[in-house]
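Q: Under our numbering, residue 293 is the last one in the sequence shown; the count climbs by one each step, no gaps.
By construction, the Cβ of each residue, glycine as well, lies at the ideal position given by its N, Cα and C atoms.
The structure that follows is given in the form of structure tokens.
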Amino acid sequence: MAACSSIPDFALQVVKKADRITVLSGAGMSAESGLPTFRDAQTGLWERFDAAALATPEAWNRDPEFVWSWYMWRHHLVRATAPHAGHLAVAQWEHSADVTIVTQNVDDLHERAGSSHVHHLHGSLFHFRCAQCSFAYSDEVDDSEPHESPRRPPRCQRCGGLIRPGVVWFGEMLPSEPWEAGVQAVDSCDVLVVVGTSGLVYPAAGLPQIAHEKGIPTIEINPDETPLSRECTVSLRMSAATALPILARSR
43 MAACSSIPDF ALQVVKKADR ITVLSGAGMS AESGLPTFRD AQTGLWERFD AAALATPEAW
103 NRDPEFVWSW YMWRHHLVRA TAPHAGHLAV AQWEHSADVT IVTQNVDDLH ERAGSSHVHH
163 LHGSLFHFRC AQCSFAYSDE VDDSEPHESP RRPPRCQRCG GLIRPGVVWF GEMLPSEPWE
223 AGVQAVDSCD VLVVVGTSGL VYPAAGLPQI AHEKGIPTIE INPDETPLSR ECTVSLRMSA
283 ATALPILARS R
């Protein structure tokens, strides 16, 4: 609905009075920390490769060493990136409200900012499992950027299969646990804050529709208009690092 370049009193009051706040975050949230978005994250050794073509089961089956090396590069990139003021503001909300984060991002910036309840719809770069038996892998991984030869994935301690990144590849189903938790968090919140998501990737883009149908106030934070804007109570044309600290100070 209304699009604003400053935060209206309505939004401040909704956040101030909310006991349960749910945050849906997308790539724009992480991009403000300097982390390239998925499709922009090709530089150096990787710039001539299509990210979407690497993030598939077919690419893994064809060349697991190459795909693993690319994900280790992304892993390294995230570790070198720090949470911004918006991440810290969301974590601060936990001091006075029940806060749940539902994120489309595979990084750990929300967790490093101090947020406790984070559900990763698309998995995490910091979780690993066996590609054959799905056994969790918890050993340290070498994420230094390869130069000449691709790096070999570790082997599963249980069946000997290759360890894969714990992310959702194109063509794979979302893990049911974070999705169901996300739906519940939206369905039961007092306000939904949608930050830095394009509104183009489903089923995550359907979460604001749940809030809209239930009459739950929804605040969009995005410098640009998105397909979600018409379903939001108010759209703030601001960066997350600017808007979220102001909302946090309203409590």
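Measure the CB-CB distance between V120 and D150 and report whether it falls below 8 Å.
A: Yes, they are a contact pair.
Q: Consult DSSP for E2 and reduce its assignment to one of helix, strand or coil.
A: Past the boundaries of the shown model lies residue 2; the chain is included only from 43 to 293, so the question cannot be answered.
Q: Starting from the C-beta of I49, find all residues in its chain whose C-beta is less than 8 Å away, skip the five residues before and the five after it, and write them out in chain order.
A: Counting only Cβ-Cβ distances below 8 Å, and skipping sequence neighbours, we find L278, M280, A285, I288 and L289.
Q: Rounded to whole angstroms, what's the CA-CA distance from A95 to D51? Just pull it up for me.
A: Whole-angstrom Cα-Cα distance: 45 Å.
Q: What are the boundary residues of the alpha helix (DSSP H) that includes V120?
A: That run of the alpha helix (DSSP H) goes P106 to R121.
Q: Are three or more beta carbon pairs between the stretch 235–243 and the stretch 203–210 nearer than 8 Å?
A: The stretch 235–243 is not in contact with the stretch 203–210.
Q: Can you check the stretch 229–284 for any alpha helix (DSSP H) of at least 4 residues that lies completely inside it and give the ranges in chain order?
A: Listed in chain order, they are 249–256.
Q: Beta-carbon within less than 6 Å of A246's beta-carbon, same chain only, minus the 5 sequence neighbours each way: which residues are those?
A: Here the set comprises Q146 and L163.
Q: Roughly how many angstroms lie between the CA atoms of Y179 and V276, to the nearest whole one?
A: Taking the straight line from one Cα to the other gives about 43 Å.
Q: CA-CA distance, I261 and V183?
A: Cα to Cα, the separation comes out at about 38 Å.
Q: What's the C-alpha gap between S157 and H254?
A: Spanning the two alpha carbons is a distance of roughly 25 Å.
Q: Sort out for me which residues DSSP pairs I63 with in a bridge.
A: Paired residues: V141 and V233.
Q: Is there contact here, the stretch 124–144 with the stretch 63–80, by at least three beta-carbon pairs under 8 Å?
A: Because the criterion of three Cβ pairs below 8 Å is met, the stretch 124–144 and the stretch 63–80 touch.
Q: Rounded to a whole number of angstroms, what is the C-alpha to C-alpha distance between S240 and R104?
A: Rounded to the nearest angstrom, the two C-alpha atoms are 31 Å apart.
Q: Any chance you could list the alpha helix (DSSP H) runs of at least 4 consecutive residues sitting entirely within the stretch 173–199, in chain order?
A: Here no run is fully enclosed.
Q: Out of S271, Q55, T79 and P99, point me to the one whose CA is closest to M215's CA.
A: Here the closest residue by C-alpha is P99.
Q: Could you name the residues of the same chain whose beta carbon sits closer than 7 Å to that of A60, not counting the 5 residues immediately before and after it, in chain order?
A: Only A139, D232 and V233 meet the Cβ criterion.
Q: Flag R154 as yes if its beta-carbon sits less than 8 Å from any beta-carbon of chain C, otherwise no.
A: Reference to chain C is not applicable here, since this structure consists of a single protein chain.
Q: What did DSSP end up calling I205 once you bin it into helix, strand or coil?
A: Strand, per DSSP.
Q: Would you kindly work out how many angstroms separate the C-alpha atoms of S186 and G128, rounded to a whole number?
A: Going by the C-alpha atoms only, they are around 28 Å apart.
Q: Mind checking which residues open and close the beta strand (DSSP E) that includes H152?
A: Note, H152: premise wrong, no beta strand (DSSP E); alpha helix (DSSP H) at L151 to A155.
Q: Just to confirm the assignment, what range does the alpha helix (DSSP H) spanning V132 have?
A: First-last of the alpha helix (DSSP H) with V132: A127 to W135.
Q: Using 8 Å for Cβ pairs, my map puts A282 next to M114. What's the rounded Cβ distance?
A: With a Cβ gap of about 27 Å, A282 and M114 do not count as contacting.
Q: Going by beta-carbon coordinates alone, are T123 and G165 separated by less than 8 Å?
A: Cβ atoms of T123 and G165: not closer than 8 Å.
Q: Who are the Cβ neighbours of D181 in its own chain at under 7 Å, not counting the five residues just before and after it?
A: Counting only Cβ-Cβ distances below 7 Å, and skipping sequence neighbours, we find P196.
Q: Tell me the residue span of the beta strand (DSSP E) that contains V160.
A: It spans V160 to H162 - the beta strand (DSSP E) in which V160 sits, taken as one unbroken run.
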